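Comments concern the structure below.
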Amino acid sequence: MLTAACIKTGRPQIARKAIELAERRLSKDGWPEYYDGKLGRYVGKQAKKFQTWSIAGYLVAKMMLEDPSHVGMISLEEDKAMKPALKRSTSWSC
């Protein structure tokens, strides 16, 4: 969902960064259900490993970045007519 939102709002670089992080951690950590801690650095105590949905979510995110037309797989019909008009405030800064 993060990847789809990033693509729809014209910010695929955010999704790319998240996927790069996932690629470094998920396989090494055994594809856990979730991470714990304030910064999400620890595999959750009750997290099951090798979860199909974790792997599937990663693969779908990669597919959407490679071909943004795949966003239609999870996008609602009424979303197709929407064009995001997001503009940053001049007071916003990193």
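With the numbering used here, the residue at position 35 of the sequence shown is 281, and numbering never jumps. For glycine and all other residues, C-beta sits at the position ideal for the given N, C-alpha and C. If you're wondering where the values come from, they're calculated on a predicted model, not measured in any experiment.
Cβ neighbours of residue i in the same chain (closer than 6 Å, five flanking residues each side left out)
{"i": "residue 301", "result": "277"}
{"i": "residue 299", "result": "none"}
{"i": "residue 307", "result": "249, 265"}
{"i": "residue 309", "result": "316"}
{"i": "residue 320", "result": "250"}
CB-CB length for residue i against residue j, believed under 8 Å
{"i": "residue 265", "j": "residue 305", "result": "Between residue 305 and residue 265 the Cβ distance is about 10 Å, and since that is not below 8 Å, they are no contact."}
{"i": "residue 317", "j": "residue 250", "result": "5 Å"}
{"i": "residue 314", "j": "residue 260", "result": "That belief does not hold up - the Cβ atoms of residue 314 and residue 260 are roughly 14 Å apart, past 8 Å."}
DSSP three-state assignment for residue i, whether helix, strand or coil
{"i": "residue 313", "result": "coil"}
Nonlocal neighbours in the same chain, by C-beta distance under 8 Å from residue i, ignoring five residues either side
{"i": "residue 262", "result": "311"}
{"i": "residue 297", "result": "277, 278, 279"}
Neighbourhood of residue i by C-beta distance below 7 Å, restricted to the same chain and skipping five residues each side
{"i": "residue 295", "result": "276, 277, 278"}
{"i": "residue 258", "result": "252, 311"}
Proximity winner among the options, relative to residue i (alpha-carbon distances)
{"i": "residue 272", "options": "309, 321, 320, 303", "result": "303"}
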